[in-house]
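Engineer: Taking the numbering used here, the leading residue of the sequence shown gets 71, the next gets one more, and so forth.
Beta carbons: idealized from backbone N, C-alpha and C, even for Gly.
A quick note: this is a predicted structure, and the numbers were derived from the prediction, not measured.
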Amino acid sequence: RVFNKRKINFFGGGGGFLFSLPHRHIERKAPMAKCNLSKGARIRPGNDIDNTLDLWSRSDVQTCMPWGAPVIWEGTFDARQYDEYYRKRNVTVGLTVFAVGKYLDVFLETFLITAEWYFMIGHNVIYYVFTDQPNKVPKVPLANKRLLRIIPVSRHQRWQDVSMLRMKSISEVIDIFVSREAQYLFCMDVDQFFEGRFGVETLSDSVAQMHSWFYHRFSIFYSYDRNPKSAAYMGLGEGDLYYHAAVFGGTWQKVKHIVDSCYQGIWTDKQNNVEALWHDESHLNKYFWLHKPSKVLSPEYCWDDVLGTQKDIFISRLSWAKKQYEVVREKTEKSWFSFFF
Ligand SMILES: *[C@@H]1O[C@H](CO)[C@@H](O)[C@H](O)[C@H]1NC(C)=O
């Protein structure tokens, strides 16, 4: 492990976590649902590489969703086979990241350096860095077949604008660039770093991230938006998993649909003068409830070290960075950052 493990201060700062249960509560675990596919079942038509997944190798965790989407865990996939399959297809994967204000100074370089170590290694990659300070983007040396585009965005003071900005900006960049130069797109938060393989086993039509704080919680504790006035509203008993907005993706066509739908929801809320509990994450959860993801990533793909060692997590591939609220939240700024993180 390259980076020192840190304590994350969830409770400091203005925003705070509404679900700020001390993490020891995770000890009282809800059992994960089990994959109900019979052993050896083919989950995709034809010669799709996902048919090589061994969903039965991990009986300790949920390896598929009731609609047949696989959940990717260490031990369920053969990395070499996946790499070969996608290399033959010469796939290009885009990765969007927002680095606005101090988030650029604090997180972007580490995010990019570690992505060069672990993200889609050996494949074509295009980073799309959205920033309000294009000339401050660190010059991280990129490997062969990888490039970085800087997308200038203006800085918004009000969280509503920022929350909408992210979805709208991604949608625009899909039209202008991604649709012409990549087949798949991931959208990630910048305050994270890679520390294990995040490879082509994650590619699919639409990809959602199982939230590491909720994967052993009973669904009644999922922090969906419960306000009937919000477009992100979900009733009790609705929803499949609690998904994390720090990582989502899919083909550019699907991601376009995801970000446009979320933008629509946020815009509708704005007209009605309501705001969803967790903003774009609430809208994303609503979206993935209505439009089931075709692949789900286990918490390995967006792990929070504050949860400590868990016996069903064999590897952390992408990890939350120390929040550093005191640095990134500028006093003058009405801390809209707390909205994403
Ligand atoms: C593979 O894709 C890249 C990026 O789109 C392109 O530049 C390259 O020419 C392609 N290679 C082959 C062999 O098709």
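Thr-166 lies in the beta strand (DSSP E); which residues open and close that run?
Structural biologist: Residue mapping note: residue 166 aligns to position 96 of the sequence shown, counting from 1. Counting along the chain, the unbroken beta strand (DSSP E) around Thr-166 starts and ends at 162-169.
Engineer: Contact between the region 203-217 and the region 295-314 is defined here as three or more beta-carbon pairs at a separation below 8 Å; is this criterion met?
Structural biologist: no
Engineer: Distance check for Ala-103 and Lys-109, CA to CA, integer angstroms please.
Structural biologist: Looking up residue 109 in the sequence shown gives position 39. Looking up residue 103 in the sequence shown gives position 33. Cα to Cα, the separation comes out at about 16 Å.
Engineer: By the DSSP assignment, the alpha helix (DSSP H) with Asn-355 in it spans what residues?
Structural biologist: For the purposes of this step, residue 355 is taken as the residue at position 285 of the sequence shown. Note, Asn-355: alpha helix (DSSP H), 350-360.
Engineer: Count the other CB atoms, across all protein chains shown, that sit within 10 Å of the CB of Gln-279; report buried if there are 16 or more and exposed otherwise.
Structural biologist: For the purposes of this step, residue 279 is taken as residue 209 along the sequence shown, with counting starting at 1. So Gln-279 counts as buried.
Engineer: Exposed or buried, what is Lys-158 when buried is set at 16 or more other beta-carbons lying within 10 Å of its beta-carbon?
Structural biologist: Translated into the one-based positions of the sequence shown, residue 158 becomes position 88. With fewer than 16 other Cβ atoms within 10 Å, it is exposed.
Engineer: Nearest to Gly-320 by alpha carbon, out of Ser-249, Phe-288, Leu-217 and Ser-293?
Structural biologist: Mapped onto the sequence shown, residue 320 falls at position 250. Per the Cα distances, Ser-249.
Engineer: Is it buried or exposed, Asn-117, if we count other Cβ atoms within 10 angstroms and call 16 or more buried?
Structural biologist: On the sequence shown, residue 117 is found 47 positions in, with the first residue counted as 1. Exposed, since its Cβ has fewer than 16 Cβ neighbours within 10 Å.
Engineer: Drop a sphere of 10 angstroms on the beta-carbon of Leu-217, count the other beta-carbons inside from all chains shown, and report buried for 16 or more, exposed for fewer.
Structural biologist: Reading the sequence shown from its first residue, position 147 is the one you call residue 217. Label assigned to Leu-217: exposed.
Engineer: Would you say Lys-224 and Phe-200 are within 7 Å of each other, going by their C-beta atoms?
Structural biologist: Working through the sequence shown from its first residue, we reach residue 224 at position 154. Working through the sequence shown from its first residue, we reach residue 200 at position 130. Rather than Lys, the amino acid found at residue 224 in this sequence is Ser. No. Outside cutoff.
Engineer: Indicate, with yes or no, if ligand 1 has a heavy atom lying under 6 Å from the CB of Thr-338.
Structural biologist: As a working mapping, residue 338 is identified with position 268 in the sequence shown. Taking 6 Å as the cut-off, one finds no heavy atom of ligand 1 near enough to the beta carbon of Thr-338.
Engineer: Can you pull every residue whose C-beta falls closer than 6 Å to some heavy atom of ligand 1, listed in chain order?
Structural biologist: Asn-160, Thr-162 and Asn-194
Engineer: Assign Ile-240 to one of three DSSP states: helix, strand, or coil.
Structural biologist: Walking along the sequence shown from the start, residue 240 turns up at place 170. Three-state DSSP puts Ile-240 in a helix.
Engineer: Give me, in chain order, the residues of the same chain whose beta-carbon lies closer than 8 Å to that of Glu-308; leave out the 5 immediate sequence neighbours on both sides.
Structural biologist: Counting from one through the sequence shown, the residue named residue 308 turns up at place 238. Taken in chain order, the residues that qualify are Tyr-294 and Trp-359.
Engineer: Spatial neighbours of Ser-274 within its chain, please: CB distance less than 6 Å, with the 5 preceding and 5 following residues excluded, ordered by chain position.
Structural biologist: For the purposes of this step, residue 274 is taken as residue 204 along the sequence shown, with counting starting at 1. Excluding positions up to five away in sequence, the list reads Ser-364 and Lys-365.
Engineer: Start and end of the alpha helix (DSSP H) containing Leu-182?
Structural biologist: As a working mapping, residue 182 is identified with position 112 in the sequence shown. Where Leu-182 is concerned, the enclosing alpha helix (DSSP H) stretches over 179-188.
Engineer: In this structure, does DSSP put Ser-224 in helix, strand or coil?
Structural biologist: Along the sequence shown, read from residue 1 onward, the residue named residue 224 stands at position 154. Three-state DSSP puts Ser-224 in coil, outside helix and strand.
Engineer: Which residues in the same chain have their Cβ closer than 7 Å to the Cβ of Ala-316, if we skip the five residues on either side of it in sequence?
Structural biologist: As a position in the sequence shown, residue 316 is number 246, starting the count at 1. Cβ neighbours of Ala-316 beyond the five flanking positions: Met-258, Asp-259, Gln-262, Gln-279 and Cys-372.
Engineer: Going by other Cβ atoms of all chains shown within 10 Å of its Cβ, with 16 needed for buried, is Gln-341 buried or exposed?
Structural biologist: For this step, residue 341 is matched to residue 271 along the sequence shown. Flag for Gln-341 reads exposed.
Engineer: Under the DSSP definition of a beta bridge, which residues are partnered with Tyr-197?
Structural biologist: Start at 1 with the first residue of the sequence shown, and residue 197 comes out as number 127. Per DSSP, Leu-165 and Leu-218.
Engineer: If you draw a straight line from the C-alpha of Met-304 to the C-alpha of Asp-375, how long is it?
Structural biologist: Position 234 of the sequence shown, counted from the start, is the residue given in the question as residue 304. Position 305 of the sequence shown, counted from the start, is the residue given in the question as residue 375. Going from the Cα of Met-304 to the Cα of Asp-375 covers about 29 Å.
Engineer: Going by the beta-carbon positions, is the gap between Asn-121 and Arg-128 smaller than 7 Å?
Structural biologist: On the sequence shown, residue 121 is found 51 positions in, with the first residue counted as 1. On the sequence shown, residue 128 is found 58 positions in, with the first residue counted as 1. Taking 7 Å as the Cβ cut-off, Asn-121 and Arg-128 do not qualify as a contacting pair.
Engineer: In three-state DSSP terms, what is Val-232?
Structural biologist: As a position in the sequence shown, residue 232 is number 162, starting the count at 1. Three-state DSSP puts Val-232 in a helix.
Engineer: Taking the beta carbon of Ala-139 as the centre, do at least 16 other beta carbons fall within 10 Å, making it buried, or is it exposed?
Structural biologist: Position 69 of the sequence shown, counted from the start, is the residue given in the question as residue 139. Answer is buried; the Cβ neighbour count reaches 16.
Engineer: Using DSSP's beta-bridge definition, name the partner residues of Met-135.
Structural biologist: Residue mapping note: residue 135 aligns to position 65 of the sequence shown, counting from 1. According to DSSP, Met-135 bridges with nothing at all.
Engineer: Residues bridged to Trp-390 by DSSP?
Structural biologist: In the sequence shown, the residue the question calls residue 390 occupies position 320. In the DSSP output, where bridge partners are listed per residue, Trp-390 has Gln-262.
Engineer: Taking just the CA atoms, how far does Ala-213 sit from Ile-196?
Structural biologist: Here residue 196 refers to the residue found at position 126 when the sequence shown is read from its first residue. Here residue 213 refers to the residue found at position 143 when the sequence shown is read from its first residue. Cα-Cα distance, rounded: 11 Å.
Engineer: Along the alpha helix (DSSP H) that carries Val-329, what are the first and last residues, could you check?
Structural biologist: Indexing the sequence shown from 1 puts residue 329 at position 259. 322-341 is the span of the alpha helix (DSSP H), which, as asked, contains Val-329.
Engineer: Just curious, the alpha helix (DSSP H) that Gln-151 is in, first and last residue?
Structural biologist: Residue numbering aside, residue 151 sits at position 81 when the sequence shown is read from its first letter. Segment 149-158, the alpha helix (DSSP H) holding Gln-151.
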